[in-house]
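The sequence shown runs 0 to 198 under numbering that gives the first Met the number 0. Ideal Cβ positions, reconstructed from N, Cα and C, are used throughout, including at glycine. As the structure is a computational prediction, the values presented were derived from the model and not from experiment. Everything below concerns the one structure shown next.
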Amino acid sequence: MLSDNNGFVGKVFIFTAPSGAGKTTIVKHLLSKYNFLGFSVSATTRTRREYEVEGKDYYFLSIEEFKSKATAGEFIEWEEVYENQFYGTLKSEVARIWGEKKHLVFDIDVKGAENIKRVFGDKCMSVFVRPPSVDTLIQRLINRNTETPESLIKRINKIKREMTFENSFDIVLVNDLLEVSFVEAEHIVETFIYGLPIQ
Ligand code: 5GP
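Now the structure itself:
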């Protein structure tokens, strides 16, 4: 189903986190540093946001297209994240990145991360990025001043729920000082690719 290309053994990195923990910044850093990493672009049925680019941020599909691909077994995993908003990773995306002899990188929430991890098993290194404390994350959210009291409570509850997933992944990266996290993330990537144990 997901074959390697001409002897290239493609690996998989998953970066997951409670929302706001800074995983995307870490993933962007890794992608800019290592050209042997390829970002896995998901497919979705949600509407494209103005700044998003087809094929770069997501593959935007209609619900009919998504469902017919799901029925045809074209996804390695998919989920209805919100009502009638489907998200998933196409097998063709994995083939594209491994075909370029790159290792796959996922930046995905905890539920999606669990799905991906199940599919790839020990080809995969899953990293849970967490803030130094829940309070730090909540404080960052409050400082941003983007939420109503109701949505703030919803988001805080979501963060608390997501924090309980920490032990479901291979390694926890505490994102306190970004520069330090970058170095730790580089160490995780290099160690997994070159097959040495993580210390
Ligand atoms: P957004 O609409 O904000 O870009 O993403 C909404 C949620 O969908 C996020 O929590 C994100 O992690 C999740 N998501 C994005 N791509 C995938 C995917 O390929 N599979 C699954 N299961 N979830 C995804």
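Could you check which residue in Ala16, Val93, Ile62 has the C-alpha nearest to that of Glu82?
-> With distances taken between Cα atoms, Glu82 lies closest to Ile62.
Go through its chain and collect everything with a Cβ distance to Ser41's Cβ below 7 Å, but skip five positions before and after it.
-> The beta carbon of Ser41 sits closer than 7 Å to the beta carbons of Tyr57, Tyr86, Gly87, Thr88 from its chain, once the five residues preceding and following it are set aside; these are given in chain order.
Tell me whether Leu177 sits in a helix, a strand or coil according to DSSP, three-state version.
-> In the three-state reduction of the DSSP assignment, Leu177 falls in the helix class, which pools H, G and I.
Using DSSP with H/G/I as helix, E/B as strand and the rest coil, what is Ile158?
-> Helix.
In chain order, which continuous runs of the alpha helix (DSSP H) of length 4 or greater are located wholly inside the region 111 to 159?
-> Runs found: 133 to 143.
heavy atom of ligand 1 below 6 Å from Gly37 C-beta = Not one heavy atom of ligand 1 is found less than 6 Å from the C-beta of Gly37.
So does Glu64 have its beta carbon nearer than 6 Å to some heavy atom of ligand 1?
-> No; taking the cut-off as 6 Å, the Cβ of Glu64 has no heavy atom of ligand 1 nearer than that.
Check whether the Cβ atoms of Ser180 and Ile25 lie closer than 7 Å to each other.
-> When the beta-carbon positions are compared, Ser180 and Ile25 come within less than 7 Å of each other.
Using 10 angstroms around the beta-carbon of Arg273, count the other beta-carbons present and answer buried if the total reaches 16, otherwise exposed.
-> Nothing about residue 273 can be read from this structure; the chain reaches only from 0 to 198.
Pair every Cβ in the region 99 to 116 with every Cβ in the region 27 to 46, then say whether three or more of these pairs are closer than 8 Å.
-> Touching, yes.
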